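Novice: The structure is given below, and queries will be raised subsequently.
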Amino acid sequence: MPPPLPPDIPWLAWWLPLLCSLIYVCGALCLKYAARYRVSLWLGSWYANVAVCCASAPLWLIPAPALSGQPWWQAIVAGLVFWLGQFTTLVALDVGEVSIATPVLGLKILFVLIFMTLLSGKPPGLQLWVAGGLSLAALTLLQGAPRASALQPNATGHKPRRIGLTILLAAFSALAYALFDVLINAWSPHWGIERIIPLAFLVALLVSTLAVGARVGSWRIPRGAIPSLCGGSALIGLQSATLIYAIAWTQDPPRINLIYNSRGFFSILAVWGVGHWFDNHERHLGRREFIRRLCGAFLMLAAIFLAIT
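Using the working numbering, the letters of the sequence shown correspond one by one to residues 365 to 673.
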């Protein structure tokens, strides 16, 4: 069994990742809807970073250690890693399907454990290897061979049948986000979470601004895409900032990410239940596909639970 919850951590901290998982699914569906207007992914990343910077702005009001003498390269590295994870998530959602990309992002917890193991100098145990095997089995179920003809074209004009690429992108995003969590957990005692978190998000926003500015016409948004793009980006940014709050608050990245991985279930249920409200056609893949992907999500969570116990 997992170790007991620390008694000095408020119960709210353990509910925050569950709330984040629900917010993420809503944001992902909104961004998937905006993709049908061929909105630039660079612009989507910019809006998400504006939202996450706004969500972290109150931290500047909290007294913290002076910034003079701090290793600035740490905030820059953390911001770059965060932006990389965020942008590859958006690409994965554009290339593939919400019910494929989101469960694969659950690999983040395994990467968190591996990074923390490397930092501590202790080799991975048998449970971690078994969890890795279960994760590979889950990915096999998620990959499958759906009837892509039932799906709408994405922002690139192609039908999202590239499931292998979606899994690769989502796994890379999970790797980047895991590294970000571990770095924040390791560096925040020296910086104070009140400073390194908003600074890292500002670095991510700066990178997004430079990326959008380098592409002519990237700031233009089709009128019909404005509500879904702004709403989806705001939700993705809000849940990112809230999740980092929870990790910094509890100093327990594995457990927070375990709870957060419930988004894999929520994403599958959402696309089959209300996905058509967002012009998402994954429900037309059929009941058999739904059951197979749900089994894949179950295996992924089993691997995660085994890794964290």
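Cβ coordinates follow ideal geometry from the N, Cα and C atoms, glycine included. Nothing here was measured: the structure is a model prediction, and the numbers come from that model.
Confirm the yes/no value for this check: CB of ARG559, any heavy atom of the ligand MN, distance under 7 Å.
Specialist: Annotation note on the ligand MN: not contained in the displayed structure, which lists no ligands.
Novice: Sorted by chain position, which residues of the same chain lie with C-beta nearer than 6 Å to PRO586's C-beta, five sequence neighbours on each side aside?
Specialist: Excluding positions up to five away in sequence, the list reads TYR401.
Novice: Whole-angstrom Cβ separation of VAL459 and LEU529, contact assumed at under 8 Å?
Specialist: At roughly 6 Å, the Cβ-Cβ gap stays under 8 Å, so VAL459 and LEU529 are in contact.
Novice: Using the three-state DSSP reduction, which class does PRO467 fall into: helix, strand or coil?
Specialist: Helix at PRO467.
Novice: What residues in its chain sit with their C-beta under 7 Å from that of GLY660, if we drop five residues either side in the sequence?
Specialist: PRO467, ALA502, LEU505 and LEU506.
Novice: Please report the residue range of the alpha helix (DSSP H) in which VAL546 lies.
Specialist: Taken as a continuous stretch (DSSP letters only), the alpha helix (DSSP H) holding VAL546 covers 527-555.
Novice: What residues in its chain sit with their C-beta under 7 Å from that of ASN625, if we drop five residues either side in the sequence?
Specialist: Result list for ASN625: GLY470, ILE473, LEU665 and ILE668, in chain order.
Novice: Counting pairs of Cβ atoms below 8 Å between the stretch 377-391 and the stretch 534-553, do you hit three or more?
Specialist: The stretch 377-391 is not in contact with the stretch 534-553.
Novice: Taking ASN621 as part of the alpha helix (DSSP H), name the residues at either end of that continuous run.
Specialist: Run containing ASN621: 617-624, per the alpha helix (DSSP H) assignment.
Novice: For SER572, is the classification buried or exposed, using 16 other Cβ atoms within 10 angstroms of its Cβ as the cut-off for buried?
Specialist: Looking at its Cβ environment, which holds 16 or more other Cβ atoms inside 10 Å, SER572 is buried.
Novice: Suppose you measure from the CA of LEU490 to the CA of LEU547; what does that come to, to the nearest Å?
Specialist: Cα to Cα, LEU490 sits roughly 25 Å from LEU547.
Novice: Taking only the alpha-carbon atoms, compute the straight-line gap between ALA392 and LEU570 and give it to the nearest angstrom.
Specialist: The alpha-carbon atoms of ALA392 and LEU570 are separated by roughly 23 Å.
Novice: Can you tell me where the alpha helix (DSSP H) holding LEU457 begins and where it ends?
Specialist: Looking at the DSSP string, the run of the alpha helix (DSSP H) that includes LEU457 is 436-459.
Novice: From ILE478, ALA589, LEU607 and SER499, pick the residue whose C-alpha is nearest to that of SER404; which is it?
Specialist: That would be ALA589, whose Cα lies nearest to the Cα of SER404.
Novice: Could you please give the first and the last residue of the uninterrupted alpha helix (DSSP H) stretch that includes ILE590?
Specialist: Taken as a continuous stretch (DSSP letters only), the alpha helix (DSSP H) holding ILE590 covers 590-614.
Novice: Under 7 Å Cβ to Cβ from TYR541, same chain only, skipping five residues before and after it: list those, please.
Specialist: Correct list, in chain order: GLY449 and LYS472.
Novice: Start and end of the alpha helix (DSSP H) containing VAL476?
Specialist: From DSSP, the alpha helix (DSSP H) with VAL476 extends over 472-484.
Novice: Tell me whether LEU483 is buried or exposed, calling it buried when 16 or more other Cβ atoms sit within 10 Å of its Cβ.
Specialist: By the neighbour-count rule (16 or more Cβ atoms within 10 Å), LEU483 is not buried but exposed.
Novice: Can you grab the Cα-Cα spacing for the pair ALA610 / PRO422, in whole Å?
Specialist: Between ALA610 and PRO422, the C-alpha separation is close to 15 Å.
Novice: Where does PRO562 sit, in a helix, a strand or coil, going by DSSP?
Specialist: Of the three classes helix, strand and coil, the one that applies to PRO562 here is helix, per DSSP.
Novice: How would you label GLN603, buried or exposed, when you count the other beta carbons within 10 angstroms and need 16 or more for buried?
Specialist: Buried: at least 16 other Cβ atoms inside 10 Å.
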